[in-house]
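Enquirer: Provided herewith is a single structure, encoded as structure tokens, for subsequent inquiry.
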């Protein structure tokens, strides 16, 4: 007898509680107890229920030595710092804290450090490089790092990193990008530097990670900002507040791979701090500055429960509830958010990849307006130009196969209609064996070495279907109805959907590896369909042209289409990709206002992972 793992690829695990890929997405901010003294530019340490803040300023000319502690409901004043200061950095707990640097009212390159033992502050060895305007809170009272900041000696912006061992500071490898008003979290051996002010542009989305020796640039914030506060370990970091400018209420979550926008603070604020030892599931935003002035307010970040990260589709037996569970993405509940803009306007694009590793190639638009050969890749936050394709062309169906390092594009309009196929290896495009029938408005799915292409216009609309095995194209069973401008949905050449297109713009057919079968129609007819994501049994399509440019999005559950949340901008001829229906991206396209150049806009669709009880025999 086969096991579930042998059939589905997942092992059934036994657990005592429900798990989900991330419950951080369920978190929210709520009011906490107010500080006794309003201030900003302060530093913090501790946890959500045992926190401490120290220093700061209010008004701008008045630095503070005040220290306050939080018990989860109220703040209490304790012993002051020896040296009043603002713009300082700190790390540790409520009973063991290290603070360093800052602005003392006269100098911005203050180097004095102080240590807290739970009852009093003691001056300890100074920083090697005095600085202020760094909120880089990474580590503990005996193992911390301070990085970046501002000093009074040009060029002012600092890359300097220093490591604290409990008794002295040692200079170690610098940040890659000089900046101040920087946020930080994590440990001295696994830290993260977030945002800040750099020379160009003034406010940055740059993020770097520290491995105990070197800094490495990683995926940037979705929204550039400085004065950002942060909490949690390197792989589970919450970044919040700051200045874009102006003051921001934005909160983003880092899962070790990418940043996701989650619930905003109730009040926008900058120059606030956070409890460094807090986590992405239980943190604080304390004080800060927002019009009309400095604040006493505290907000508490709380998620529904602790979590263990699992793979989507993971199956387990919940011994607490005596039920089998599965992690899934309820696609109808997903929402759209803005992503980074492409560098070049365009529509009728070839598209490849996933939400965080997508590609557009070719298309039509500009300026100058015309058939395009340019290509770009998307990392989940920004687009980067890559080598152009050899044969400039457009395609109304967004066809493309593979990944951003092993891609395939085929057919299209040059004009005339072309049979040309090009392969991308991560560095260059190569022309390879042509498809058998030259056509534009073609659809396709699969990989670089196992692809299915179907439909299109020669003209007229055709039903031709071909497969690619890595060396040759073979004609196989045709669609039941020839069409152009439809969309292929699926991730493998043996299971796909053909959706919409002319002449019957609601029509859907399903491919089982051998033949096409008519299945349930779309709710909204459309051609020049875009925004594919997911598989032949769990996918989405977005936008297109109906009686006008449309914002409509529909999800396929293996048997029928359901209308779900619309995109923000009506358009047709868009590119779009997604590894799952619940994590997709669309880009480019044409709108009445952008015609004939096309747009650069990107939108991302995300559905949270949840748990569902499943019935088994």
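Residue numbers (the working numbering): 266 to 882.
Glycine included, every Cβ here is placed at the ideal spot set by N, Cα and C.
No experiment lies behind these values; they were computed from the predicted model shown.
Does the beta-carbon of residue 884 have 16 or more other beta-carbons within 10 angstroms, so that it is buried, or is it exposed?
Expert: Examination of residue 884 is not possible in this model, given that the chain is present from 266 through 882 alone.
Enquirer: Along the chain, where does the beta strand (DSSP E) that runs through residue 719 open and close?
Expert: 716-719 is the span of the beta strand (DSSP E), which, as asked, contains residue 719.
Enquirer: Report yes if the CB atom of residue 676 is closer than 8 Å to the CB atom of residue 718, and no otherwise.
Expert: For residue 676 and residue 718, yes; Cβs fall inside 8 Å.
Enquirer: Are residue 728 and residue 739 touching if we call contact CB-CB under 8 Å?
Expert: No, they are not a contact pair.
Enquirer: Is residue 669 closer than 8 Å to residue 642 when the C-beta atoms are compared?
Expert: Yes, these two residues count as a Cβ contact at 8 Å.
Enquirer: Taking the continuous beta strand (DSSP E) assigned at residue 661, which residues delimit it?
Expert: That residue, residue 661, is in no beta strand (DSSP E); it is neither H nor E in DSSP.
Enquirer: What does the Cβ neighbour count give for residue 355, buried or exposed, with the cut at 16 atoms within 10 Å?
Expert: Under this definition residue 355 is a buried residue.
Enquirer: Going by the CB atoms, is the gap between residue 839 and residue 663 shorter than 8 Å?
Expert: Yes, the Cβ-Cβ distance between residue 663 and residue 839 is below 8 Å.
Enquirer: Could you give the first and the last residue of the continuous beta strand (DSSP E) run that contains residue 867?
Expert: 867-871 is the span of the beta strand (DSSP E), which, as asked, contains residue 867.
Enquirer: Would you list the residues sitting across from residue 486 in a DSSP beta bridge?
Expert: According to DSSP, residue 486 bridges with nothing at all.
Enquirer: Given that a residue counts as buried once 16 or more other Cβ atoms are within 10 Å of its Cβ, and exposed if not, what is residue 276?
Expert: By the neighbour-count rule (16 or more Cβ atoms within 10 Å), residue 276 is not buried but exposed.
Enquirer: On the premise that residue 661 lies in contact with residue 753, defined as a C-beta separation below 8 Å, what is that separation, rounded to the nearest angstrom?
Expert: With 8 Å as the limit, residue 753 and residue 661 do not qualify as a contact, their Cβ atoms being about 12 Å apart.
Enquirer: Considering residue 473, what are the terminal residues of the beta strand (DSSP E) in which it resides?
Expert: First-last of the beta strand (DSSP E) with residue 473: 472-475.
Enquirer: Start and end of the beta strand (DSSP E) containing residue 774?
Expert: Unbroken beta strand (DSSP E) run through residue 774: 773-776.
Enquirer: Quick one: Cα of residue 535 to Cα of residue 324, how far?
Expert: About 15 Å.
Enquirer: May I ask you to report which of helix, strand or coil DSSP gives residue 710?
Expert: If DSSP states are grouped into helix, strand and coil, residue 710 belongs with the strands.
Enquirer: Within its chain, find whatever has a CB closer than 6 Å to the CB of residue 509; leave out the 5 residues flanking it on each side and keep chain order.
Expert: Around residue 509: 490.
Enquirer: Let's test the definition: count the other Cβ atoms within 10 Å of the Cβ of residue 790 and tell me whether it reaches 16, buried, or not, exposed.
Expert: Buried is the call here.
Enquirer: Whole angstroms are fine: how far does the CA of residue 523 sit from the CA of residue 883?
Expert: The structure shown does not extend to residue 883, since the chain is modelled only from 266 to 882, so the question has no answer here.
Enquirer: Give the DSSP-derived three-state secondary structure of residue 611 in the structure shown.
Expert: It is a strand residue.
Enquirer: I want to know whether the stretch 676-689 touches the stretch 814-828 - three or more CB-CB distances under 8 Å.
Expert: Cβ pair count under 8 Å is below three, so no.
Enquirer: Taking the runs of the beta strand (DSSP E) that are 3 residues or longer, which of them lie wholly in the stretch 325-376?
Expert: As far as the stretch 325-376 is concerned, its whole beta strand (DSSP E) runs of at least 3 residues are 332-335, 340-343, 354-357, 362-365.
Enquirer: Shorter than 7 Å, the distance from the beta carbon of residue 634 to the closest heavy atom of the ligand HEM, or not?
Expert: Judged by which ligands are present, the structure shown has none, so any question about the ligand HEM falls away.
Enquirer: With 16 other CB atoms within 10 Å as the buried threshold, where does residue 342 fall?
Expert: By the 10 Å Cβ count, residue 342 comes out exposed.
Enquirer: What number of angstroms, rounded off, separates the C-alpha of residue 311 from the C-alpha of residue 293?
Expert: Each residue's alpha carbon lies about 20 Å from the other.
Enquirer: For residue 823, count neighbouring Cβ atoms within 10 angstroms of its own Cβ and tell me buried if that reaches 16, exposed if not.
Expert: Label assigned to residue 823: exposed.
Enquirer: With DSSP as the reference, label residue 598 as helix, strand or coil.
Expert: In this structure, residue 598 counts as helix in the three-state DSSP scheme.
Enquirer: Rounding to the nearest angstrom, what Cα-Cα distance links residue 814 and residue 366 in this structure?
Expert: Whole-angstrom Cα-Cα distance: 56 Å.
Enquirer: Our contact map puts residue 592 next to residue 876 with C-beta atoms below 8 Å; I'd like the distance itself, whole angstroms only.
Expert: With 8 Å as the limit, residue 592 and residue 876 qualify as a contact, their Cβ atoms being about 6 Å apart.
Enquirer: Helix, strand or coil, according to DSSP, for residue 289 in the structure here?
Expert: Residue 289 falls in the helix class under three-state DSSP.
Enquirer: Compare the beta carbon distance of residue 448 and residue 471 with 8 Å and say whether it is the shorter of the two.
Expert: No, the pair does not count as a contact, with Cβ atoms beyond the cut-off.
Enquirer: Given a cut-off of 8 Å on the beta-carbon distance, is the pair residue 624 and residue 640 in contact?
Expert: Cβ distance < 8 Å, so residue 624 and residue 640 count as in contact.
Enquirer: Verify whether the separation of the beta carbon atoms of residue 854 and residue 864 is less than 8 Å.
Expert: Yes, these two residues count as a Cβ contact at 8 Å.
Enquirer: Closest by CA to residue 518, which one among 511, 487, 507, 589?
Expert: The shortest C-alpha separation from residue 518 is found at 487.
Enquirer: By how many angstroms is the C-alpha of residue 406 removed from the C-alpha of residue 618?
Expert: The alpha-carbon atoms of residue 618 and residue 406 are separated by roughly 44 Å.
Enquirer: Check residue 514 in the structure and name its three-state DSSP category.
Expert: Residue 514: coil per DSSP, three-state reduction.
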